[in-house]
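Visitor: Quick one: the structure is below, questions incoming.
Residue numbers (the working numbering): 3 to 574.
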């Protein structure tokens, strides 16, 4: 009987050991699966990180290339629209004129080549930086292809390297409307892509750059540790004549791979220890939460996040972080889009400011030089002085708009409430814009709802600024017709309307015109001046006075700008 009891205990012990062994095996299999999933996820994240870095690198690369091309394009468009240049070409450009006005361009903008051709494509002036001595490197067919174009940007191969050049026709800034601008010649600026240039780029941007002779992209050996991009050199016909490889070591990817190796090793050791000691605890406290983390990283579904929040210990906190991250990701996307729009508007604003300030400055400088001529008649001098005064007033207007925007941004703008006569406002508007209206053949009407003079309590200066800006815009974008200024009382507010018969505004642009620096006509050769701040100031002033502003417009038929302010009044 003692022997039977002993055999029974041995069978029980054997069963317990088998069950424990099974649990260990099952736990090992589960841990192996989880470890494999984490390893797969790490590698996937590594690939995603590398692809994301590659996308950002290509964006930076494109921005770099675009920056160098835009710099030359802006310079050449600026100078080819210079009236003094057109006059010099019409009379016959001389080396002395070139040395005085244009020879400093190469050093000022870090260029290597400049050339001037007359309208018959005969080379008049050519100059290059020593020791390259480039001569007659621009094909005549390239200049011929400029017909009907603003400019040409392409490459040509020279003995000194690949020359990136921008060519544009020379014509005056002002010319008879309705006809194409007269061409007095062609202006060319160039930058060599040689060892010196790519060495400078490589040192300043930590890139590795190499020039190649028409090497296809597929022939370049891929390296997972490097970010690479290829820039193709095209001539004026669009033919491939060479290119440049840009590469950069992906330090973040390299660091990620190293850290991933250490992380995987640590996880492996951790799993082995926990497999031997805390098998059941791992299943409850680690495997399930980690599985949820993997799903969240893959799918970013809120149901997975809510389940992770219910997990014990730190995984609950991690679930809250993921939840916050998913919400913040949407906000960041909106902020990114807003920042991209702001950056685009900033770039446009800088270009507009350069154009708007240069134009009156050129007028002031040019006509000041003309006033030195003692042979001018009194009438001519008075005319030139008037032009100089108008140019100065235009610059003051631009600076005043910038100051107003600055005050609004810094919240230093306040209101000064006082009684304002609306009949006086109408009279002021008519008187202030009388000359501008008569010059453009426009009729202006000012109607009011009440026979008695209506007086409202508001900030007089800001109300006048709003109305003057809107009437000024109506005159600017109208070539005739009638401008109607009216107002009426509606639900405790007084609504002002300025209606014109001008060019109108497209429906999709009507919300954007109140944004800062935005203009419907925003290119460098725009017909109407301004930096795009007037309507932004008008909107800010209207909201500061407690009202709102909107526009109704049809393209080619005119626009009606309406705004409201609170109705606080007395009768005189």
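Backbone N, C-alpha and C fix where the C-beta goes; we use that ideal spot for every residue, glycine too. Because the structure is a prediction, the values reported are computed rather than measured.
Mapping DSSP to helix, strand and coil, what is residue 2?
Guide: Residue coverage of the chain in this structure runs from 3 to 574, which leaves residue 2 outside it and unanswerable.
Visitor: Could you tell me which of 79, 93 and 436 sits nearest to residue 154, measuring between CA atoms?
Guide: Numbered from its first residue, the chain shown carries residue 154 at position 152. Nearest C-alpha to residue 154: 79.
Visitor: Distance check for residue 125 and residue 88, CA to CA, integer angstroms please.
Guide: What you label residue 88 is simply residue 86 of the chain shown in a count that begins at 1. What you label residue 125 is simply residue 123 of the chain shown in a count that begins at 1. Near 16 Å, if we compare the C-alpha coordinates of residue 125 and residue 88.
Visitor: Just the C-alpha distance for residue 34 and residue 46, rounded to the nearest angstrom, thanks.
Guide: Here the question's residue 34 lines up with position 32 in the chain shown. Here the question's residue 46 lines up with position 44 in the chain shown. If you take the alpha carbons of residue 34 and residue 46, they lie about 18 Å apart.
Visitor: Do residue 537 and residue 516 have their CB atoms nearer than 8 Å?
Guide: Taking the first residue of the chain shown as 1, we reach residue 537 at position 535. Taking the first residue of the chain shown as 1, we reach residue 516 at position 514. For residue 537 and residue 516, yes; Cβs fall inside 8 Å.
Visitor: CB-CB under 6 Å to residue 423, same chain, minus the five flanking residues each way: which ones, in chain order?
Guide: To locate residue 423, count along the chain shown from 1; it is residue 421. Only 455 and 457 meet the Cβ criterion.
Visitor: May I have a chain-ordered list of the beta strand (DSSP E) segments no shorter than 3 residues that lie completely inside the region 143-170?
Guide: Those beta strand (DSSP E) runs which fall completely within the region 143-170 and span 3+ residues are 154-160.
Visitor: From residue 445 to residue 484, what does the alpha carbon distance come to, in whole angstroms?
Guide: The residue given as residue 445 occupies position 443 in the chain shown. The residue given as residue 484 occupies position 482 in the chain shown. So the two alpha carbons sit approximately 5 Å from each other.
Visitor: By the 10 Å Cβ neighbour count, where 16 or more other Cβ atoms means buried, how is residue 541 classified, buried or exposed?
Guide: Residue mapping note: residue 541 aligns to position 539 of the chain shown, counting from 1. Burial call: buried.
Visitor: Classify residue 2 as helix, strand or coil using the three-state DSSP reduction.
Guide: One cannot answer for residue 2 here, as it falls past the ends of the chain, which runs 3 to 574.
Visitor: Does the distance from the C-beta atom of residue 562 to that of residue 554 stay below 8 Å?
Guide: Translated into the one-based positions of the chain shown, residue 562 becomes position 560. Translated into the one-based positions of the chain shown, residue 554 becomes position 552. Contact flag set, yes.
Visitor: Quick one: Cα of residue 1 to Cα of residue 510, how far?
Guide: There is simply no residue 1 to check, as the chain begins at 3 and stops at 574 in what is shown.
Visitor: Are residue 129 and residue 105 touching if we call contact CB-CB under 8 Å?
Guide: Within the chain shown, numbered from 1, the residue matching residue 129 stands at position 127. Within the chain shown, numbered from 1, the residue matching residue 105 stands at position 103. Yes, they are a contact pair.
Visitor: Since residue 503 and residue 443 are thought to touch, with beta carbons under 8 Å apart, how far apart are those beta carbons, to the nearest angstrom?
Guide: Along the chain shown, read from residue 1 onward, the residue named residue 503 stands at position 501. Along the chain shown, read from residue 1 onward, the residue named residue 443 stands at position 441. About 12 Å separates the two Cβ atoms, so there is no contact after all.
Visitor: What does the Cβ neighbour count give for residue 329, buried or exposed, with the cut at 16 atoms within 10 Å?
Guide: As a position in the chain shown, residue 329 is number 327, starting the count at 1. Exposed is the call here.
Visitor: Could you give the first and the last residue of the continuous beta strand (DSSP E) run that contains residue 447?
Guide: Taking the chain shown and counting its residues from 1, the one referred to as residue 447 is at position 445. Residue 447 -> beta strand (DSSP E) spans 445-449.
Visitor: Measure the C-alpha to C-alpha separation of residue 578 and residue 388 and round it to an integer number of angstroms.
Guide: Limits of the chain in this structure are 3 at one end and 574 at the other, which puts residue 578 out of reach.
Visitor: Residues bridged to residue 327 by DSSP?
Guide: Numbered from its first residue, the chain shown carries residue 327 at position 325. The partner list for residue 327 (beta bridge, DSSP) is empty, contrary to what the question assumes.
Visitor: Where does the unbroken beta strand (DSSP E) through residue 126 begin, and where does it stop?
Guide: Indexing the chain shown from 1 puts residue 126 at position 124. Where residue 126 is concerned, the enclosing beta strand (DSSP E) stretches over 125-130.
Visitor: Report yes if the CB atom of residue 148 is closer than 8 Å to the CB atom of residue 171, and no otherwise.
Guide: Here residue 148 is taken as the residue at index 146 of the chain shown, counted from 1. Here residue 171 is taken as the residue at index 169 of the chain shown, counted from 1. Closer than 8 Å, so yes.
Visitor: Roughly how many whole angstroms lie between the Cα atoms of residue 334 and residue 341?
Guide: Working through the chain shown from its first residue, we reach residue 334 at position 332. Working through the chain shown from its first residue, we reach residue 341 at position 339. One C-alpha to the other measures close to 10 Å.
Visitor: Return the chain-ordered list of same chain residues with a C-beta closer than 8 Å to the C-beta of residue 558, the five sequence neighbours on each side being excluded.
Guide: Translated into positions along the chain shown, residue 558 becomes position 556. Correct list, in chain order: 505 and 506.
Visitor: Determine the burial state of residue 308: buried for a count of at least 16 other Cβ atoms within 10 Å of its Cβ, exposed for fewer.
Guide: As a first step, residue 308 is located in the chain shown; it is residue number 306 there, counting from the start. With fewer than 16 other Cβ atoms within 10 Å, it is exposed.
Visitor: Cα-Cα, which of 493, 567 and 297 is closest to residue 40?
Guide: Residue mapping note: residue 40 aligns to position 38 of the chain shown, counting from 1. Ranking the options by Cα distance to residue 40, first place goes to 297.
Visitor: Do residue 165 and residue 228 have their C-beta atoms within less than 8 Å of each other?
Guide: Your numbering for residue 165 matches position 163 in the chain shown. Your numbering for residue 228 matches position 226 in the chain shown. No, the pair does not count as a contact, with Cβ atoms beyond the cut-off.
Visitor: Considering only residues of the same chain and omitting the five flanking positions on each side of residue 113, which have a CB-CB separation below 6 Å?
Guide: Mapped onto the chain shown, residue 113 falls at position 111. The answer, listed in chain order, is 191 and 193.
Visitor: On a Cα-Cα basis, can you pick out the residue from 291, 314, 319 and 316 that is closest to residue 306?
Guide: Residue numbering aside, residue 306 sits at position 304 when the chain shown is read from its first letter. For residue 306, the nearest C-alpha among the options comes from 291.
Visitor: My output table needs one value for residue 473: the three-state DSSP class, helix, strand or coil.
Guide: The sequence position of residue 473 within the chain shown is 471, counting from 1. Helix at residue 473.
Visitor: Buried or exposed for residue 336, going by 16 or more other Cβ atoms inside 10 Å?
Guide: Residue numbering aside, residue 336 sits at position 334 when the chain shown is read from its first letter. Residue 336 should be labelled exposed.
Visitor: What is the DSSP secondary structure of residue 103, counted as helix, strand or coil?
Guide: Translated into positions along the chain shown, residue 103 becomes position 101. Residue 103: helix per DSSP, three-state reduction.
Visitor: Using the beta-carbon count (16 or more within 10 Å), is residue 223 buried or exposed?
Guide: If you number the chain shown from 1, residue 223 lands on position 221. With a pLDDT of only 47 at residue 223, under 50, the local geometry of the prediction cannot be trusted, and no value is derived from it.
Visitor: At what residue ranges does the region 36-112 contain a whole run of the alpha helix (DSSP H), taking only runs of 4 or more?
Guide: Qualifying alpha helix (DSSP H) stretches, in chain order: 85-93, 97-103 and 107-110.
Visitor: Here's the rule: buried if 16 or more other CB atoms are within 10 angstroms of the residue's CB, otherwise exposed. What is residue 322?
Guide: Translated into the one-based positions of the chain shown, residue 322 becomes position 320. It is exposed - the Cβ of residue 322 has fewer than 16 other Cβ atoms within 10 Å.
Visitor: Pull the bridge partners of residue 568 from the DSSP assignment, please.
Guide: Locating residue 568 in the chain shown gives position 566, counting from the first residue. For residue 568, which the question treats as bridged, DSSP gives the partners 495.
Visitor: Please check the pair residue 140 and residue 111, which I expect to be a contact at CB under 8 Å, by giving their CB distance rounded to whole angstroms.
Guide: Taking the chain shown and counting its residues from 1, the one referred to as residue 140 is at position 138. Taking the chain shown and counting its residues from 1, the one referred to as residue 111 is at position 109. So it is not a contact: roughly 18 Å between Cβ atoms.
Visitor: Based on the DSSP secondary-structure assignment, which residues constitute the bridge partners of residue 421?
Guide: What you label residue 421 is simply residue 419 of the chain shown in a count that begins at 1. Looking at the DSSP assignment, residue 421 forms a beta bridge with 459.
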